[in-house]
Ligand SMILES: [Zn+2]
């Protein structure tokens, strides 16, 4: 009996091994194929897609999905690809899985198509060319890639593993689900978006078009990484209008440039973006513009993971703006999320215009604990260490979460994005595939209504009222770190 069991388990392990191997091959083959299709997006183009070549890959993917048996396959006028993999269980939530079509315009390819090279990697240094060598010392997850394949280019172009590794994972998941009908799962929506690298990928997405309850974007770097939150963001402008500056030899009017300089001098260096990292927020100006000799604009950003910290920075800005108005005897106008306070007709004024741009996805995601626990279980079952991280920017997943579809952004096995030493690990693509497949299976066992009832998908975070006590505490934390005191701005 014991012998039989042994034989059985060996056979079982062997078949699992062969199965895993073949999925890994498929992932590599797809990455090599997609990487050779040129899809660089272009900065400063408002139309989506910014480059027509993205349609080329969109059509390849749509064709492949159709051949695999996906339903409602569609490429729309902006090159978004949509498809449905019908579920085989009842009442489960619908999940969408997604990657982006474009590759980064940061590295000029001069029209060259990336030429992927597949290395059998056994560990140690990996030579891309005479000048480019990947070392485990400088590449945190390279050692983990040993025993599998590492895909690079010849070092002349980027690879575009961002996000073609994610795309390979999504397409291989689609193939698995469409060809193995015995895997229980709910409806799956497959979506590919254009122009992610230039910040336009969610421009034409709507909840109705996505048509899912929860989402997983395969577009994060590293190995095991999952982005569980992003910044809250408010952008601001500070506009100074003065009566004509007059002849410099005779006029005593202060030119708007000097007033702008005075205003920006109030910003503590310690809170600048370049002094902020990890979980710190920042309050920074980044550009000034002369509209005319009488009008000057300062542009800036407020970023933080915490809404209370956002409030503190807003309060600081408001007090500096008011102080500036007083000092130069100008009208004080505020525009907060479009709401005007003060006379906008005044031609001797300062106007602080603050607009909330996006919110931390955590504010919504935290209301869906079951969804988060499914992600944790999916990692556990795949034997992959989950690295929950905070994204120091906005994100697709964040935008989609605020469309009313709680969405996480997960690793897909690519590294050194946007550069010529970009590399993708076949083992890590496979790990991404395994986690995602587990998540799909676990989602298939849930009751849609029960999962959705946990939170409100149309929830917009209520910014807390200014609680000076709380703010003082937040500020004290900052003071300890940077040596400022709360009374500096009060
Ligand atoms: Zn990407």
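Numbering (the numbering used here), first residue to last: -10 to 479.
Just so it is clear, CB atoms sit at the ideal spot from N, CA and C, and this is done for glycine as well.
Cβ shell of residue 402 (< 6 Å), same chain only, five flanking positions each side left out: 154, 413, 414, 417, 418, 421
Under 8 Å between C-beta atoms of residue 225 and residue 306: yes
CB of residue 175 within 8 Å of CB of residue 432, strictly: yes
Runs of alpha helix (DSSP H) lying entirely within the stretch 230 to 293, each at least 4 residues, in chain order: 245 to 253
Three-state secondary structure (DSSP) of residue 5: The pLDDT assigned to residue 5 is 49, lower than 50, so where the model puts this residue is not dependable; a value taken from the coordinates is nonetheless given after this. The answer is helix: DSSP assigns residue 5 an H, G or I state.
Own chain partners of residue 302 with C-beta closer than 6 Å, once the 5 adjacent residues on each side are dropped: 272, 291
Sufficient close CB pairs (3 or more, under 8 Å) joining the stretch 192 to 208 to the stretch 229 to 246: no
Endpoints, the beta strand (DSSP E) within which residue 376 is located: 376 to 380
Nearest-angstrom Cα separation, counted from residue 187 out to residue 11: 35 Å
Uninterrupted beta strand (DSSP E) stretches inside the stretch 384 to 452 (no shorter than 3 residues): 396 to 400, 412 to 414
Coil, strand or helix - residue 340 by DSSP: strand
Counted within 10 angstroms of its Cβ, other Cβ atoms place residue 362 as buried (16 or more) or exposed: exposed
Where residue 491 sits in the DSSP three-state scheme: Here the chain comprises residues numbered -10 to 479, so residue 491 is not present and cannot be evaluated.
Cβ-Cβ separation, residue 87 to residue 180 (assumed contact under 8 Å), whole Å: 4 Å
Neighbourhood of residue 7 by C-beta distance below 8 Å, restricted to the same chain and skipping five residues each side: Any reading at residue 7 is ruled out, since the residue's pLDDT is 48, under 50, leaving its predicted position unreliable.
For residue 225, the three-state DSSP class (helix, strand or coil): strand
Residue 68, DSSP secondary structure in three states: coil
Chain-order list of residues whose beta-carbon lies under 8 Å from that of residue 44 (same chain, five-residue window excluded): 38, 64, 68
Whole-angstrom distance between residue 387 and residue 99, CA atom to CA atom: 33 Å
Start-to-end residues for the alpha helix (DSSP H) that takes in residue 56: 42 to 57
Near ligand 1: residue 151 beta-carbon under 7 Å from a heavy atom: yes
Among 152, 221, 394, 434, nearest to residue 380 - alpha-carbon criterion: 221
Beta-ladder partner(s) of residue 106, from DSSP: 141
Simplified DSSP state of residue 33, which is helix, strand or coil: coil
Top-ranked residue by Cα proximity to residue 391, from 406, 84, 351: 351
Between the CA atoms of residue 255 and residue 182 - distance to the nearest angstrom: 42 Å
Residues near residue 250 in its chain [Cβ-Cβ closer than 6 Å; skip 5 each side]: none
Cα-Cα separation between residue 33 and residue 263, rounded to whole angstroms: 25 Å
C-alpha distance - residue 286 paired with residue 443, whole-angstrom precision: 45 Å
Sequence-distant residues of its chain with Cβ nearer than 7 Å to residue 110 (five each side left out): 134, 135, 137, 138, 139
Pick from 447, 426, 202, 257 that is closest to residue 440, judged by C-alpha positions: 202
Cα-Cα separation between residue 184 and residue 209, rounded to whole angstroms: 16 Å
Cross-strand partners of residue 345 (DSSP beta bridge): 223
Other residues of its chain near residue 108: CB distance less than 8 Å, five sequence neighbours each side excluded: 115, 138, 139, 140, 141
Counted within 10 angstroms of its Cβ, other Cβ atoms place residue 479 as buried (16 or more) or exposed: Low local confidence applies: a pLDDT of 45 at residue 479 is under 50, so the model's placement there is unreliable, with the coordinate-based value given in what follows. Classification of residue 479: exposed, given that the 10 Å Cβ count is below 16.
Boundaries (first-last residue) of the beta strand (DSSP E) holding residue 177: 177 to 182
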